[in-house]
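Heads up, the sequence shown is in the UniProt record's numbering, so the first residue is 1 and it goes up one at a time. No residue lacks a Cβ here, since even glycine has one placed at the ideal position from N, Cα and C.
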Amino acid sequence: MTTMLGLDLTGRPVLVVGGGPVAARRVQGLLADAARVTVVAPQLCEVLLDLHRWGLVEWRAREVVESDLDDVWLVHTATGDRATDGAVGRWAAQRRTFCVDAGSGASGTARTPATTRSGDVLVGVVSTGAPDPRRTTAVRDALSDVLHEGGLDLRARRPRRPGEGRVVLVGGGPGDPALMTVAARRALAQADVVVTDRLGPVEVLDELPADVEVIDVGKTPGHHPVPQDEICRILVEQAQRGRFVVRLKGGDPFLYGRGGEEVVACREAGVPVEVVPGVSSAFAAPASAGIPLTHRGTVGAVHVMNGHDGWSSAALTGLRDASCTVVVLMGVAVLPDLTVQAVEAGVDPSTPVAVVENGSLPTQRVTRAPLGEIAARAAEVGVRAPAVVVLGRVAAAGLLDGASGPTGGAETSVPHARDTMTS
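Right under this line is the structure:
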């Protein structure tokens with residue numbers, strides 16, 4: 001029978017016999033567990049040589065001898081030679097030292113589990129019968145998916161004490177929960193409190209355990225009923241009560257998300273804070289609509305701006321000489337003013353423009369027209385926020401259609417979020 005144990009190898013001597021790629025993988029895993037590793041082998045592969053040069057492992061450049069096993073806590077043998085591996089296993093058994101035989105799992109007195117980690121949770125899978133690495137790996141991968149997708153409540157089951165809380169600013173992406181990062185899902189799975197608004201992937205809130213407190217600060221495009229100072233106060237206050245606080249934001253916290261202000265507020269209050277990056281709608285919405293922001297032979301630079309701040313000289317220059325794609329966030333309400341100002345500043349009124357509403361969602365809609373006509377076209381079809389405005393040659397319809405090339409004129413298309421290349 002096989003039993004599972006969690007071994008603390010921190011600073012403890014471990015012997016690895018063998019210098020090839022299999023031994024290298026074992027050594028890398030042991031180093032990750034903070035073990036003190038000695039390798040015995042006449043020659044080493046490049047990976048192990050590098051680890052030795054960097055001072056991370058000791059190397060005894062010869063064949064293994066029985067005394068190499070003296071005073072070690074664990075042995076891994078991976079020479080590929082059955083006689084040598086068998087001898088190492090026997091020497092280990094005589095010393096009552098567990099030995100993992102990489103070439104024959106059934107021969108060793110220990111087996112290395114297939115593992116996956118989420119935060120401070122480590123999951124290992126072994127077979128209690130004959131070694132079956134393919135099956136244990138398949139089970140490990142399935143468990144890994146559940147852990148990393150936030151499918152389990154991973155909050156520590158210990159009382160929270162004042163001063164032990166923390167804040168994590170989580171970028172939730174453009175709206176489709178499938179575009180959230182693994183780290184974002186993991187943070188939500190640990191949350192005691194989620195401070196959210198309507199700009200992020202709100203569907204995931206329904207997946208939270210019933211005892212997770214959700215604080216809706218109510219932000220929608222152009223409507224911010226809870227002032228930013230009050231949001232910062234909420235984050236700090238909840239963390240000071242010993243809670244794990246997730247500030248769930250749309251897109252990326254540091255791209256027009258006011259995440260910097262929230263980080264400053266937490267640090268000034270002595271509250272630990274970290275940031276989980278997210279996929280910004282500035283990039284995700286155009287991609288979902290089949291619009292490459294850079295395209296070889298067409299344009300090689302991107303300028304992202306906030307519509308409420310108005311034009312910068314750099315953005316206008318990039319549009320005038322067609323050297324830059326301009327992406328405007330929060331630009332729907334000010335689109336008429338922006339287009340008039342751009343034309344007055346010398347931008348060609350025939351410059352292609354695309355407005356992507358609800359990028360990445362099933363309700364995604366793309367409206368295209370030349371710069372001089374886009375405001376009227378958007379009003380005609382009822383464009384609403386949230387939407388991303390893309391200006392420049394890449395916004396033309398048909399750019400990725402090969403020989404047919406881009407086309408001008410106005411159009412509105414409503415592709416499915418997963419079938420956007422038809423727009």
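message = Assuming tryptophan 91 is part of the alpha helix (DSSP H), what are its boundary residues?
response = Element bounds for tryptophan 91: 82–94.
Determine the extent of the alpha helix (DSSP H) in which glutamate 274 is found, giving its start and end residues. Not the alpha helix (DSSP H): glutamate 274 falls in the beta strand (DSSP E), residues 273–276.
**Asked** What residue from Val394, Val214, Ala287 has the CA that sits closest to valine 326's CA?
**Response** The shortest Cα separation from valine 326 among Val394, Val214, Ala287 belongs to Val394.
TODO: Could you tell me if serine 313 is buried or exposed, where buried requires 16 or more neighbouring beta carbons within 10 angstroms of its beta carbon?
DONE: By the 10 Å Cβ count, serine 313 comes out exposed.
Glycine 20 in three-state terms, based on DSSP: If DSSP states are grouped into helix, strand and coil, glycine 20 belongs with coil.
> Ordered along the chain, which non-local residues of its own chain (more than five positions away) have a Cβ less than 8 Å from that of serine 107?
Replying inline: Sequence-distant Cβ neighbours of serine 107 in its own chain, meaning closer than 8 Å and more than five residues away, are Asp85, Gly86, Gly89, Asp101.
In chain order, each alpha helix (DSSP H) run of at least 4 residues that lies wholly inside the segment 231–295:
For the segment 231–295, whole alpha helix (DSSP H) runs of length 4 or above, ordered along the chain, are 259–268, 281–288.
_Within 10 Å of its beta-carbon, does valine 39 have 16 or more other beta-carbons around it, so buried, or fewer, so exposed?_
Buried, because 16 or more other Cβ atoms sit within 10 Å of the Cβ of valine 39.
Q) Would you say alanine 315 and histidine 303 are within 9 Å of each other, going by their C-beta atoms? A) Contact flag set, yes.
Segment contact flag, the segment 257–266 with the segment 200–214, C-beta cutoff 8 Å, min 3 pairs = The answer is no - the segment 200–214 does not touch the segment 257–266, with fewer than three Cβ pairs under 8 Å.
Does glycine 108 come out as helix, strand or coil in the three-state DSSP assignment? In the three-state DSSP reduction, glycine 108 falls in the coil class, being neither helix nor strand.
message = Just to confirm the assignment, what range does the alpha helix (DSSP H) spanning glutamate 58 have?
response = In this chain, glutamate 58 is not harboured by any alpha helix (DSSP H); it is covered by the beta strand (DSSP E) spanning 58–60.
Checklist entry - Grouping DSSP H, G and I as helix and E and B as strand, with all else coil, what is threonine 2? => result Threonine 2: coil per DSSP, three-state reduction.
Quiz item: How big is the Cα-Cα spacing for cysteine 266 and asparagine 358?
Solution: Cysteine 266 and asparagine 358 have their alpha carbons spaced roughly 32 Å apart.
Taking just the CA atoms, how far does leucine 188 sit from arginine 247? Looking at the two C-alpha atoms, the distance is approximately 9 Å.
Considering only the beta carbon of each residue, do valine 355 and valine 332 sit closer than 9 Å? The answer is yes: Cβ separation under 9 Å.
With the cut-off set at 9 Å, would you say glycine 278 and glycine 318 are in Cβ contact?
The answer is no: Cβ separation not under 9 Å.
**Prompt:** Excluding the five sequence neighbours on either side, which residues of its own chain have a C-beta within less than 8 Å of the C-beta of aspartate 8, listed in chain order?
**Reply:** Closer than 8 Å at the Cβ level, and outside the excluded window around aspartate 8, lies no residue.
Please tell me whether valine 275 and arginine 166 are closer than 9 Å, where the distance is taken between their beta carbons.
In this structure, valine 275 keeps its C-beta atom at 9 Å or more from the C-beta atom of arginine 166.
**OP:** Pick helix, strand or coil for residue 431, following the three-state DSSP scheme.
**Re:** In this structure the chain extends from 1 to 423, so residue 431 is not present and cannot be described.
Note to self: Considering only DSSP beta bridges, list what valine 353 is partnered with.
What the structure shows: In DSSP, valine 353 forms a bridge with Ala369, Leu391.
Quick one: what does DSSP say leucine 74 is sitting in, helix, strand or coil? The answer is strand: DSSP assigns leucine 74 an E or B state.
- Query: So does the segment 69–78 actually touch the segment 9–27, counting three or more Cβ pairs closer than 8 Å?
  - Reply: Under the three-pair Cβ rule at 8 Å, the segment 69–78 counts as touching the segment 9–27.
- Assumed close pair glycine 392, valine 299 - CB separation to whole angstroms, cut-off 8 Å: About 6 Å separates the Cβ atoms of glycine 392 and valine 299, confirming a contact at the 8 Å cut-off.
- Query: Within 10 angstroms of its Cβ, does methionine 4 collect 16 or more other Cβ (buried), or is it exposed?
  - Reply: A residue is called buried when at least 16 other Cβ atoms come within 10 angstroms of its Cβ; methionine 4 does not meet this threshold and is exposed.
Applying the 10 Å Cβ sphere with the 16-neighbour rule, what's the burial state of glycine 19? Buried, because 16 or more other Cβ atoms sit within 10 Å of the Cβ of glycine 19.
Original post:
How is proline 13 classed by DSSP in three states: helix, strand or coil?
Top reply: Proline 13: strand per DSSP, three-state reduction.
CB contact flag (valine 121, leucine 147, <9 Å)
Contact: yes.
inquiry  = Considering only their Cβ atoms, is the gap separating cysteine 99 from threonine 77 smaller than 9 Å?
reply    = A distance below 9 Å separates the beta carbons of threonine 77 and cysteine 99.
Review point. Between the Cα of glycine 218 and the Cα atoms of Val195, Asp229, Val389, Leu205, which residue gives the shortest distance?
Key: Residue nearest to glycine 218 within the set Val195, Asp229, Val389, Leu205 is Val195 (criterion: CA-CA distance).
**Study point:** Close-in-space but distant-in-sequence residues of the same chain around threonine 27 (CB under 7 Å, 5 per side omitted)
**Key:** The question names threonine, but residue 27 in the sequence shown is valine. Within the same chain, Cβ atoms closer than 7 Å to the Cβ of valine 27 are found at Val16, Val37, Val39, Leu48, Leu51, Val57, the five residues on either side in sequence being excluded.
**Prompt:** Is alanine 314 helix, strand or coil by DSSP?
**Reply:** Of the three classes helix, strand and coil, the one that applies to alanine 314 here is helix, per DSSP.
State whether the segment 131–146 contacts the segment 108–119, with contact taken as three or more CB pairs (one from each stretch) at a distance under 8 Å. As far as the Cβ criterion goes, the segment 131–146 touches the segment 108–119, which means the pair count is three or higher.
Exercise. Please name the residue or residues paired with aspartate 101 in a DSSP beta bridge.
Key: DSSP lists Thr77 as partners of aspartate 101.
Please go through the same chain and pick out, in chain order, the residues whose beta-carbon is closer than 7 Å to the beta-carbon of glycine 172, but skip the five residues on each side of it.
Within the same chain, glycine 172 has close Cβ partners Met180, Ala184, Gly200, Pro201, Leu248, Lys249, Gly250, Gly278.
Taking the alpha carbon of proline 225 as the reference point, which residue from Arg233, Leu208, Asp197, Glu203 has its own alpha carbon closest? Comparing C-alpha distances from proline 225 to each of Arg233, Leu208, Asp197, Glu203 shows the shortest one belongs to Asp197.
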